[in-house]
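Numbering of the sequence shown is given in my numbering, commencing with residue 1 and proceeding in unit increments. A virtual CB, placed ideally from N, CA and C, is assigned to each residue, including glycine.
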Amino acid sequence: MVLNLKFDSPSAEEALDRLTIGLRRASEVGIKVIILIHGYGASGEGGKIKWAVHDALENNYFSDRVDEYHFGEQTAFGSEAYHALLRRRPGLKVYLKHFKEGNAGMTVLIL
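Okay, here's the thing in structure tokens:
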């Protein structure tokens with residue numbers, strides 16, 4: 001499943017609300033992986049949505065639903081992290097092609 005948090009330019013708080021709803025719905029129907037699009041921001045340092053999502057994940061805010069997460073910038077095509085993720089979840093190959101250089105605007109969530 002792909003969940004685009006940046007669609008319609010929400011605030012960081014609205015984006016986190018969308019993520020909460022998306023995680024609940026994914027859990028209800030048995031989805032095990034979400035490709036989360038949060039964008040990178042135009043500043044060159046990452047946008048507010050990206051940092052809000054990273055902060056929430058790193059502080060276990062979604063630990064009741066998210067077993068593991070992989071930030072796009074750490075999962076560049078061909079990297080050890082990329083291959084380790086594909087070994088565990090081969091079906092992600094189609095989505096991970098967007099991580100060629102390490103896509104800082106996306107995160108993989110494993111539920």
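At least three beta-carbon pairs within less than 8 Å, the region 88–99 to the region 20–37: Under the Cβ criterion (8 Å, minimum of three pairs), the region 88–99 counts as touching the region 20–37.
For isoleucine 31, the three-state DSSP class (helix, strand or coil): Look at isoleucine 31 here: in three-state DSSP terms it is coil, with no helix or strand label.
DSSP beta-bridge partners of isoleucine 110: Val33, Glu68
7 Å CB neighbourhood of isoleucine 49 in its chain, flanking five on each side removed: Leu5, Lys6, Ala12, Ala15, His38, Gly39
Boundaries (first-last residue) of the beta strand (DSSP E) holding leucine 92: Segment: none, leucine 92 is in no beta strand (DSSP E) and carries neither H nor E.
Extent of the continuous beta strand (DSSP E) to which leucine 3 belongs: 2–4
Alpha carbon of leucine 111 to alpha carbon of arginine 87, nearest angstrom: Taken atom to atom, the span from the alpha-carbon of leucine 111 to that of arginine 87 is near 16 Å.
Span separating the alpha-carbon of threonine 75 from that of glycine 105: 12 Å
Residues of its chain near tryptophan 51, where Cβ-Cβ distance is below 8 Å and the 5 sequence neighbours each way are ignored: Ala12
Minimum C-alpha distance to leucine 109 - residue among Phe77, Thr20, Ser79: Thr20
Integer Cβ distance of asparagine 103 from glycine 78, believed to fall under 8 Å: Their Cβ separation, rounded to whole angstroms, is 13 Å, which puts asparagine 103 and glycine 78 out of contact at 8 Å.
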